[in-house]
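Peer 1: One structure coming up, written as structure tokens, with questions to follow.
Protein chains: 2
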Amino acid sequence: MVPRAPWPEPDWLSGDGPESITVLSTRIRLARNLAEHPFTHRAEEPERGEILEEVREAARASRSLSTPRILRLDRTSTLDRQYLVERHLVSPDLANARGPRAVAVGKGETLSVMINEEDHLRIQGLLSGFQLRDAWNLVDKLDEELGGNLDLAFSPKWGYLTACPTNTGTGLRASVLIHLPGLVLTKQIGKVLRGISQVGLAVRGMFGEGTEVMGNFFQISNQTTLGLSENEVIESLGRVTRQVIDHEQSASEVLLKSAPHQIEDKVFRAYGILRHGRVISSQEVVSMTSALRFGFGLGFLRDRLDTHRLNRLMIETLPAHLQRANGTRLDQAERDYRRAAFVRSLLGEEPDAEA
Amino acid sequence: MVPRAPWPEPDWLSGDGPESITVLSTRIRLARNLAEHPFTHRAEEPERGEILEEVREAARASRSLSTPRILRLDRTSTLDRQYLVERHLVSPDLANARGPRAVAVGKGETLSVMINEEDHLRIQGLLSGFQLRDAWNLVDKLDEELGGNLDLAFSPKWGYLTACPTNTGTGLRASVLIHLPGLVLTKQIGKVLRGISQVGLAVRGMFGEGTEVMGNFFQISNQTTLGLSENEVIESLGRVTRQVIDHEQSASEVLLKSAPHQIEDKVFRAYGILRHGRVISSQEVVSMTSALRFGFGLGFLRDRLDTHRLNRLMIETLPAHLQRANGTRLDQAERDYRRAAFVRSLLGEEPDAEA
Chain U
57 MVPRAPWPEP
67 DWLSGDGPES
77 ITVLSTRIRL
87 ARNLAEHPFT
97 HRAEEPERGE
107 ILEEVREAAR
117 ASRSLSTPRI
127 LRLDRTSTLD
137 RQYLVERHLV
147 SPDLANARGP
157 RAVAVGKGET
167 LSVMINEEDH
177 LRIQGLLSGF
187 QLRDAWNLVD
197 KLDEELGGNL
207 DLAFSPKWGY
217 LTACPTNTGT
227 GLRASVLIHL
237 PGLVLTKQIG
247 KVLRGISQVG
257 LAVRGMFGEG
267 TEVMGNFFQI
277 SNQTTLGLSE
287 NEVIESLGRV
297 TRQVIDHEQS
307 ASEVLLKSAP
317 HQIEDKVFRA
327 YGILRHGRVI
337 SSQEVVSMTS
347 ALRFGFGLGF
357 LRDRLDTHRL
367 NRLMIETLPA
377 HLQRANGTRL
387 DQAERDYRRA
397 AFVRSLLGEE
407 PDAEA
Chain D
57 MVPRAPWPEP
67 DWLSGDGPES
77 ITVLSTRIRL
87 ARNLAEHPFT
97 HRAEEPERGE
107 ILEEVREAAR
117 ASRSLSTPRI
127 LRLDRTSTLD
137 RQYLVERHLV
147 SPDLANARGP
157 RAVAVGKGET
167 LSVMINEEDH
177 LRIQGLLSGF
187 QLRDAWNLVD
197 KLDEELGGNL
207 DLAFSPKWGY
217 LTACPTNTGT
227 GLRASVLIHL
237 PGLVLTKQIG
247 KVLRGISQVG
257 LAVRGMFGEG
267 TEVMGNFFQI
277 SNQTTLGLSE
287 NEVIESLGRV
297 TRQVIDHEQS
307 ASEVLLKSAP
317 HQIEDKVFRA
327 YGILRHGRVI
337 SSQEVVSMTS
347 ALRFGFGLGF
357 LRDRLDTHRL
367 NRLMIETLPA
377 HLQRANGTRL
387 DQAERDYRRA
397 AFVRSLLGEE
407 PDAEA
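Residue numbers (my numbering), protein chains in the order written: chain U, 57 to 411; chain D, 57 to 411.
Shown next, in the form of structure tokens:
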């Protein structure tokens, strides 16, 4: 069971990775399946129980996961599952599925394994900032450890076999969560995103496939899992991401030069609203935090903010996080009120005199 | 000549009058004309010069005005005339007219006399808060002093004769500048304003006839100058204003009870924007100040605000005031930027770290 108290912070939230103002996090996941069982969706419930058992044992034996927390999602409340989704440890699909399924979470939440998602295993590495190579090395090592204790479905011709053919081969999806306010404000984002698609990469919203783009946050990831090695995929995504970061930085600098007061105003209004507002939706926090992050990148508010706090604003204001922190279920109106209070405290508001 | 430096603050800005959160100021003006001269619009320029001379001498002799500043508007820059309009010492009409015309301003700007407006004399008394009786007494006394040295056009049948028949009789217009956010938010304002019209009073915007209603500020004044004594007019306006204040207070209390978080949010967002914004128009200041004033009336921000500061936010952010305070002409973009800086300093913002 997920404890009622909030978990310790995930390591990636620290914001201490390279380029972490622009790149929130780097994620790598591998899709793997057990050779001796049908894919999750074809397996009956008892068999899914067996799969879970086997993977759990392998996870426990893994040195990289070092005694992971293992959470059975079929024995977890809706709120706690939502909490795990908000932390990017569990996909919405796995949260909403039925039957035996789990997630194994390593120290600092850097490594984790979803069990009985679309594939039997979804191995994930999540790091602060722009660290594709390091994330890959961690995930690769964990994959080896798990593979040592599990009989994984692998074809010499096709590579790793997966439930959906779009993952067959490496089973690898590498992605960066990137903040591009400068490109959005200068209206260059369309062109940049088209360029990304043309080199075979995909762009999605913050919580992955099918989710909305909010607050100028984009997820860029590879599409290809066949015909390219892991190293080639990572190198290509890395190269494109580097270019996008550079574009973003030029766009921001141009903006600051051409309309300094308007940019300053945008940043400080967001700060004023976050620092003094009393009712704030999740979506508004994302949008205001985007303005703050943009300003922080341009050199504003350096003595009041840091990437760690900007990241916390994004995650800890999400509905399940807010409810866990308050130790109780809250309806939307209550959440919006408590969220504003949390945001104020995070931004170190001086005490306000009230009625 | 108006000195380049800002004038000392007008006394009414202090906000120390009764009901001064709701009623910004009380104003009484008397229209008077010299018997021996045609009305301003019918007088040739040399004659208007004579009128000005005569009235100026009488103003200088007045004990109530106690050595007034006398400003010839035909020798004053556009900016300085605008400054006087913003301070409610000169009407837009007088500011924009041509030829010999002036304003005589007494200590603290409580009493003043426009010379060669529509009427030869427009005697004005302006006090903080809701003080009809006191304003009337001051203006009445000044009228007597001036009348002692001037031959005023008066008919035993019609009373004081004026250029426009709507002022004939008492020549008196009494008004209160009143802030009614509660009635606006609860959508009762229409009904209340209709009620006011039905008892023969007029409602206008902040700068008098033909000006827009901004930030929930309304000017309520009498229409009638014939058939009612000065005391009757003042009593009637006083009675109605008292009722409107009471309505406003009930409406505000109902709002605070029914949607406390939303009200609190509205107030503190305005505070956050004023305190941290970098580009702010006059109109936005009025609208945000309205929210602050509303909140202050409900008991919020008591240790950060006072009526004096709320009043200063309204007046000192106006274009001419801003330009005078900065000692230079500013275009609109510069004004919006300097205005935001002034507002922040007035609200005692802690220093912001910038790029």
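Here a beta-carbon is modelled for each residue, glycine too, at the ideal position from N, C-alpha and C.
Tell whether a beta-carbon distance below 8 Å holds between D:Thr218 and D:Ala87.
Peer 2: yes
Peer 1: Applying the 10 Å Cβ sphere with the 16-neighbour rule, what's the burial state of D:Ala91?
Peer 2: Exposed, since its Cβ has fewer than 16 Cβ neighbours within 10 Å.
Peer 1: With DSSP as the reference, please indicate the residues paired to U:Gln180 in a beta bridge.
Peer 2: U:Arg85, U:Ser168
Peer 1: State yes or no: is the beta carbon of U:Val335 nearer than 8 Å to at least one beta carbon in chain D?
Peer 2: yes
Peer 1: D:Tyr393 versus chain U: which residues are under 8 Å apart at the beta carbon?
Peer 2: His317
Peer 1: U:Gly328 touches chain D at which residues, Cβ-Cβ below 9 Å?
Peer 2: Going along chain D in sequence order, the residues near U:Gly328 (Cβ under 9 Å) are Arg325, Tyr327, Gly328, Ile329, Leu330, Arg331, His332, Gly333.
Peer 1: Determine the chain U residues that contact D:Asp387 at a beta-carbon separation under 7 Å, and present them in chain order.
Peer 2: Going along chain U, no residue has its Cβ under 7 Å from D:Asp387, so there is no contact; the nearest lies around 12 Å.
Peer 1: Any beta-carbon of chain D closer than 8 Å to the one on U:Asp321?
Peer 2: Closer than 8 Å to some Cβ of chain D, the Cβ of U:Asp321 qualifies, so yes.
Peer 1: Can you give me the C-alpha to C-alpha distance between D:Gln339 and D:Ser346, rounded to a whole angstrom?
Peer 2: 11 Å
Peer 1: Taking a contact to mean a Cβ-Cβ separation below 8 Å, would you say D:Glu67 touches D:Ser211 in this structure?
Peer 2: Reading off the sequence, residue 67 of chain D comes out as Asp, not Glu. Going by C-beta atoms, D:Asp67 is not nearer than 8 Å to D:Ser211.
Peer 1: Quick one: what does DSSP say U:Arg229 is sitting in, helix, strand or coil?
Peer 2: strand
Peer 1: List in chain order: all unbroken alpha helix (DSSP H) runs of 4+ residues lying wholly within the region 73-132 of chain U.
Peer 2: If we require 4 residues or more, the alpha helix (DSSP H) runs fully inside the region 73-132 of chain U come out as 101-117.
Peer 1: To the nearest angstrom, how far is the alpha carbon of D:Arg380 from that of U:Gln275?
Peer 2: 51 Å
Peer 1: Could you check which residue in U:Val335, U:Met344, U:Leu402, U:Ala117 has the C-alpha nearest to that of U:Leu206?
Peer 2: U:Ala117
Peer 1: Would U:Val342 and U:Leu233 qualify as a contact pair, given that the criterion is a beta-carbon distance under 8 Å?
Peer 2: no
Peer 1: Expressed to the nearest angstrom, what Euclidean distance is found between the alpha-carbon atoms of U:Lys197 and U:Leu121?
Peer 2: 10 Å
Peer 1: Quick check: what's the CA-CA separation for U:Ser81 versus U:Phe186?
Peer 2: Pairing U:Ser81 with U:Phe186, the inter-Cα distance amounts to about 6 Å.
Peer 1: If contact is defined by three or more beta carbon pairs under 8 Å, each pair taking one atom from either stretch, is the region 321-328 of chain U in contact with the region 299-312 of chain U?
Peer 2: No, they do not touch.
Peer 1: Measuring alpha carbon to alpha carbon, tell me which of U:Ser147, U:Phe273, U:Asn172, U:Gly256 ends up nearest U:Thr280.
Peer 2: Taking only the C-alpha atoms, the option nearest U:Thr280 is U:Gly256.
Peer 1: To the nearest angstrom, how far is it from the Cα of D:Pro237 to the Cα of D:Val296?
Peer 2: 17 Å
Peer 1: For U:Gly105 and U:Val161, what's the separation of their Cα atoms in angstroms?
Peer 2: 19 Å
Peer 1: For D:Ala326, which of helix, strand or coil comes out of DSSP?
Peer 2: helix
Peer 1: Of all the alpha helix (DSSP H) runs that stay within the bounds of the region 299-346 of chain U, which reach a length of 4 or more residues?
Peer 2: 316-332
Peer 1: My understanding is that U:Asp149 touches U:Glu173, with C-beta atoms under 8 Å, so please give their C-beta distance in whole angstroms.
Peer 2: 6 Å
Peer 1: Does any heavy atom of the ligand GTP sit closer than 7 Å to the C-beta of D:Pro221?
Peer 2: The ligand GTP is not part of the structure shown, which contains no ligands of any sort.
Peer 1: So for D:Ser147, helix, strand or coil by DSSP?
Peer 2: The DSSP-derived three-state label of D:Ser147 is coil.
Peer 1: For U:Arg358, which residues of its own chain have a beta-carbon under 8 Å away from its beta-carbon, when the five flanking residues on both sides are left out?
Peer 2: Phe352
Peer 1: Could you tell me if D:Asn367 is buried or exposed, where buried requires 16 or more neighbouring beta carbons within 10 angstroms of its beta carbon?
Peer 2: buried
Peer 1: So, helix, strand or coil for D:Met270, using DSSP?
Peer 2: strand
Peer 1: Can you tell me where the beta strand (DSSP E) holding D:Arg260 begins and where it ends?
Peer 2: 257-260
Peer 1: Check whether the Cβ atoms of D:Arg360 and D:Leu402 sit closer than 8 Å, and answer yes or no.
Peer 2: no
Peer 1: Thinking just about the alpha-carbon of each residue, which of D:Trp214, D:Leu129, D:Gly294 is nearest to the one in D:Pro74?
Peer 2: D:Gly294
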